[in-house]
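See below for the structure under consideration.
Residue numbers (my numbering), protein chains in the order written: chain Z, 12 to 443; chain D, 58 to 607.
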């Protein structure tokens with residue numbers, strides 16, 4: 012068993028690697044442009060190029076993949092020649108700083124032709140000083156310097172070129188100078204070092220948003236799961252006990268009726284009837300910064316929609332499985348042996364009839380986490396599925412990758428759980 | 058004594074025109090205020106008493122306003138992608154001027170301004186006694202810093218195209234702490250209106266470093282409390298705002314505004330508005346009749362309409378076949394059955410258009426007959442142009458603009474009798490914006506702008522080198538049109554301007570690159586407890602004096 016689990020974990024890592032590559036390539040190949048999505052439709056080509064460069068999107072795809080997976084700070088540190096440090100401020104902003112020779116965090120900015128160092132004091136305030144000694148002459152006859160700017164990039168600044176820029180300098184006003192940033196390398200730690208990066212769409216660390224969305228989805232999926240699955244299994248077993256009975260007909264036709272109506276239709280009908288006509292519960296979820304469990308009344312309709320959709324599906328599979336078991340020779344034998352009816356059902360029939368539904372249920376955990384996007388959109392529920400949909404439409408690669416990784420973990424994890432449950436239900440199954 | 062002596066010389070002309078009945082009071086107000094006369098003074102000149110907006114006794118302080126809005130990524134206001142993020146941030150940051158729901162531009166952080174006779178030198182006076190929420194005092198440096206941010210190429214602001222076309226950083230002159238001058242490259246009348254563009258929020262020159270979230274130091278009535286992209290933005294009232302309320306205490310009346318991200322789907326937002334979970338939907342990025350139609354019979358919701366110059370422009374690339382031939386362009390324009398399009402595409406909630414980019418509420422608008430639907434004439438024109446068997450054309454439309462899709466479907470039907478076979482190519486809206494200037498035939502949304510000269514200067518002229526300007530999606534450059542437009546942009550006399558516009562409109566109607574079938578109305582729909590607000594043509598939020606009924 013231990014060996015089996017280890018093998019599964021290795022498989023998990025491999026799947027994650029392959030999926031992450033696939034997502035990267037698919038996103039790359041799909042149409043759309045992050046710069047236009049973020050800056051609006053009216054940017055000029057130069058503005059677009061500058062924006063893409065600041066996000067590091069001008070680099071080749073393999074290089075971006077490596078940066079996403081392993082980070083870019085080691086590379087930047089080599090260019091700058093100083094150690095880099097990622098820290099989170101009191102207000103929750105992520106900031107990158109270089110650690111200078113005397114161990115103090117430092118960043119730079121260009122003011123006219125002067126390089127200004129910002130030294131971070133222990134209390135979070137900064138002290139500025141001119142730091143022109145760091146310029147190095149470059150082959151084109153100008154001066155250049157690799158450093159960290161205040162927007163979490165490693166930047167190569169250049170001066171003495173023919174580029175002219177206007178900058179505002181405190182105290183002396185507007186001044187024309189010849190320098191400017193030439194090359195950007197956005198700083199990140201990389202996915203395997205626990206930093207899924209910053210969302211291109213929202214500009215927030217993916218981890219922060221994903222945590223909230225994952226939590227919300229877990230709450231919705233969890234409640235739906237806890238209600239649907241026992242109910243569906245119980246009703247399915249009940250229907251399958253006696254094939255063709257009235258009970259069986261009512262349950263399977265009823266279940267089918269709800270599972271064939273698409274969830275957006277069910278959702279809209281429920282909103283119209285329960286929320287608009289009867290005004291019993293809210294028809295949309297408005298959480299703001301609150302957690303879903305603080306507004307349980309808003310969860311009622313989404314959970315009800317999911318229940319109606321899922322119930323019929325699992326119910327019918329359980330029923331089919333139960334019908335088959337009830338027809339099998341060993342049940343007949345048990346009858347003939349004179350065992351009590353309920354003992355036959357609970358001890359012999361149910362256990363075997365559960366094998367098929369368990370597989371389906373476990374596959375559905377995955378669907379409940381990411382695939383209920385339609386229900387989320389209908390109710391405005393801030394869940395993982397909607398987050399991934401928005402990210403995909405925006406070509407927001409960091410968010411998409413992190414979400415995909417979570418879904419891979421859920422998929423492989425639930426399969427592992429299903430396999431373990433099999434061994435409990437059916438002792439003949441052994442894994443090595 | 059003439060009280061207009063101290064004002065721009067054109068003001069007395071305006072006054073004379075008003076007295077002779079040549080212009081309306083509204084036009085007088087608009088132009089006089091543009092030239093630096095305060096609204097109050099302009100109102101006094103024409104004997105207009107500004108009505109008190111509300112009875113002070115009703116006003117209640119306190120309460121939390123809940124708005125459904127997509128909480129987008131923001132860092133630099135000059136880089137806002139569209140109106141929506143400006144609406145939450147305009148609670149914290151303010152503008153130098155304010156263009157009200159009536160299209161009149163009023164002084165705001167700049168308390169007055171004046172223009173030289175040739176409209177090339179503008180002097181702005183910065184309001185005294187305005188403090189940022191970090192305690193710093195607003196001075197001319199902050200305004201100059203902000204304008205320079207727009208003109209800085211690395212900031213990537215859309216204002217660079219607008220303001221940069223007539224102003225260089227070197228043309229900004231600081232006179233003293235509360236006064237600055239702009240020396241323009243050419244005459245421009247719309248500067249005060251440009252200062253109210255959604256991207257023009259005034260920043261602190263002392264503390265702004267590229268990210269407004271990190272140091273949200275603005276002069277507005279609220280301070281930024283929380284900004285979680287994709288979730289929620291909370292702003293809270295500050296205690297020392299520069300404007301005073303009816304009771305002599307500083308505004309705002311509302312304690313707190315929460316912008317809650319419910320995603321882009323309208324259905325859940327409408328459901329939440331009806332059930333009172335939210336008070337208002339921010340529809341500024343996607344105005345349309347859907348929300349109004351869903352809530353206009355609801356007892357808790359008030360619907361405030363406004364007619365706008367927002368429109369859908371059917372544009373043809375004149376540098377590409379077959380649109381390089383004006384007869385072909387004319388043929389397609391003749392296929393627009395305007396009443397039908399307005400009724401089916403926009404549910405009749407607008408004004409018919411006339412194939413030139415000026416709408417009836419623009420002051421310059423010169424009345425013209427509405428072109429009729431004439432498929433037979435269109436067929437004849439096509440034959441003359443060498444297409445006796447008709448033509449097949451691809452029409453690019455963004456699928457999320459549902460009214461445009463319906464517009465395209467009506468056009469397809471009505472163009473068939475003329476021999477124009479239209480293939481509708483739908484694509485995601487984001488993809489349309491990818492190539493909106495590149496497609497040969499498409500329908501592009503253009504937003505409301507308060508003056509008739511503003512859009513033509515953005516879309517139908519060439520730059521100094523003779524290249525079409527960046528937003529000239531049709532590449533149509535007509536020397537006569539450009540010259541007349543330049544004259545119009547420097548002409549203050551409204552009748553003279555309108556006379557020029559009669560010619561401009563005629564040129565665009567007879568040989569222009571666009572068809573405009575309708576101008577769209579828009580609505581602000583809010584819970585009835587939100588008081589003292591009006592719908593703005595751009596659906597921007599002006600909530601300084603808004604209050605909440607208990």
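Note that beta-carbon positions come from the ideal geometry of N, C-alpha and C, so glycine has one too.
Look up residue i in the DSSP assignment and say whether it is helix, strand or coil.
{"i": "residue 179 of chain Z", "result": "Here residue 179 of chain Z scores only 47 on pLDDT, less than 50, and its place in the model is too uncertain to base an answer on."}
{"i": "residue 61 of chain D", "result": "Low local confidence applies: a pLDDT of 39 at residue 61 of chain D is under 50, so the model's placement there is unreliable, with the coordinate-based value given in what follows. It is coil, neither helix nor strand."}
{"i": "residue 495 of chain D", "result": "coil"}
{"i": "residue 273 of chain D", "result": "coil"}
{"i": "residue 118 of chain Z", "result": "strand"}
{"i": "residue 302 of chain Z", "result": "coil"}
{"i": "residue 423 of chain D", "result": "coil"}
{"i": "residue 130 of chain D", "result": "coil"}
{"i": "residue 350 of chain D", "result": "helix"}
{"i": "residue 111 of chain D", "result": "Bear in mind that a pLDDT of 48 at residue 111 of chain D, under 50, signals an unreliable position, so the model cannot answer this."}
{"i": "residue 200 of chain D", "result": "helix"}
{"i": "residue 251 of chain D", "result": "helix"}
{"i": "residue 575 of chain D", "result": "strand"}
{"i": "residue 606 of chain D", "result": "coil"}
{"i": "residue 385 of chain D", "result": "helix"}
{"i": "residue 106 of chain D", "result": "Bear in mind that a pLDDT of 47 at residue 106 of chain D, under 50, signals an unreliable position, so the number given afterwards is only what the model happens to contain. In this structure, residue 106 of chain D counts as coil in the three-state DSSP scheme."}
{"i": "residue 257 of chain D", "result": "coil"}
{"i": "residue 160 of chain Z", "result": "coil"}
{"i": "residue 227 of chain D", "result": "helix"}
From the DSSP secondary-structure annotation, give me the bridge partner or partners of residue i.
{"i": "residue 378 of chain Z", "result": "Per DSSP, none; premise fails for residue 378 of chain Z."}
{"i": "residue 38 of chain D", "result": "As shown, chain D starts at 58 and ends at 607. That puts residue 38 of chain D outside it, with no answer to give."}
{"i": "residue 36 of chain Z", "result": "Per DSSP, none; premise fails for residue 36 of chain Z."}
{"i": "residue 194 of chain Z", "result": "Z/167"}
{"i": "residue 125 of chain D", "result": "D/317, D/338"}
{"i": "residue 301 of chain D", "result": "D/307"}
{"i": "residue 583 of chain D", "result": "D/337, D/359"}
{"i": "residue 127 of chain Z", "result": "Z/120, Z/141"}
Going along chain D in order, which residues have a C-beta closer than 9 Å to the C-beta of residue i?
{"i": "residue 61 of chain Z", "result": "210, 211, 213"}
{"i": "residue 307 of chain Z", "result": "Within 9 Å Cβ-Cβ: nothing; residue 307 of chain Z doesn't reach chain D, min ~14 Å."}
{"i": "residue 43 of chain Z", "result": "485, 487, 488, 491"}
{"i": "residue 39 of chain Z", "result": "By Cβ distance, chain D contributes nothing, its closest Cβ being about 16 Å from residue 39 of chain Z, past 9 Å."}
Strictly below 7 Å CB to CB, what residues from chain D border residue i?
{"i": "residue 58 of chain Z", "result": "213"}
{"i": "residue 48 of chain Z", "result": "487"}
Quick one: list the residues of chain D neighbouring residue i, beta-carbon separation under 8 Å, in chain order.
{"i": "residue 397 of chain Z", "result": "320"}
{"i": "residue 297 of chain Z", "result": "123, 125, 317, 319, 329, 334, 335"}
{"i": "residue 293 of chain Z", "result": "328, 329, 332, 334"}
Give me the chain Z residues within the contact set of residue i, using Cβ-Cβ distance strictly less than 9 Å, ordered along the chain.
{"i": "residue 356 of chain D", "result": "Neighbours of residue 356 of chain D on chain Z: none; closest Cβ ~12 Å, over 9 Å."}
Which bits of chain Z does residue i rub up against, with CB to CB less than 7 Å?
{"i": "residue 289 of chain D", "result": "299, 300"}
{"i": "residue 132 of chain D", "result": "214"}
Run down chain Z in chain order and give the residues with a C-beta less than 8 Å from the C-beta of residue i.
{"i": "residue 271 of chain D", "result": "102, 104"}
- Item | chain D contacts from the region 203-229 of chain Z (Cβ-Cβ distance under 7 Å) | 212, 213, 214, 215, 220, 223
- Item | Residues of the region 481-499 of chain D with Cβ closer than 7 Å to any Cβ of chain Z, in chain order | 487, 488, 490, 491, 493
- Message: Within 8 Å, do at least three Cβ pairs link the region 189-203 of chain Z to the region 162-169 of chain Z?
- Response: yes
- Message: Does the contact criterion of 3 or more C-beta pairs under 8 Å hold for the region 536-552 of chain D versus the region 368-378 of chain D?
- Response: no
- Message: Using a Cβ distance threshold of 8 Å, determine whether the region 224-241 of chain Z contacts the region 291-303 of chain Z, with at least three qualifying pairs required.
- Response: yes
- Could you say if the region 120-129 of chain D and the region 311-321 of chain D meet the contact criterion of at least three C-beta pairs nearer than 8 Å? yes
- Task: Evaluate contact between the region 356-376 of chain D and the region 570-590 of chain D, counting only Cβ atoms and requiring at least three cross-stretch pairs below 8 Å.
- Result: yes
- Task: Determine contact between the region 256-270 of chain D and the region 202-217 of chain D, defined as no fewer than three beta-carbon pairs at a distance below 8 Å.
- Result: yes
- Any contact of the region 563-572 of chain D with the region 331-349 of chain D, i.e. 3+ C-beta pairs under 8 Å? no
- Message: Counting only Cβ-Cβ distances shorter than 8 Å, please list the residues of the region 252-283 of chain Z near chain D, keeping chain order.
- Response: 279, 282
- Note down, in chain order, all residues in the region 516-527 of chain D with a beta-carbon under 7 Å from any beta-carbon belonging to chain Z. 527
- Does the region 411-421 of chain D touch the region 443-459 of chain D, meaning 3 or more C-beta pairs lie closer than 8 Å? no
- Is there contact here, the region 172-192 of chain D with the region 228-247 of chain D, by at least three beta-carbon pairs under 8 Å? yes
- Task: Evaluate the contact criterion for the region 261-278 of chain Z versus the region 340-356 of chain Z: three or more CB pairs, one atom per stretch, below 8 Å.
- Result: no
- Task: Please list the residues of the region 383-395 of chain Z that have a C-beta atom closer than 9 Å to any C-beta atom in chain D, keeping them in chain order.
- Result: 387, 388, 389, 390, 391, 392, 393
- Message: Whether or not the region 480-499 of chain D and the region 219-230 of chain D are in contact is what I'm after, with contact meaning three or more pairs of Cβ atoms, one per stretch, closer than 8 Å; do they touch?
- Response: no
- Check distances from the C-beta atoms of the region 221-250 of chain D to those of chain Z and list, in chain order, the residues that come in under 7 Å. 226
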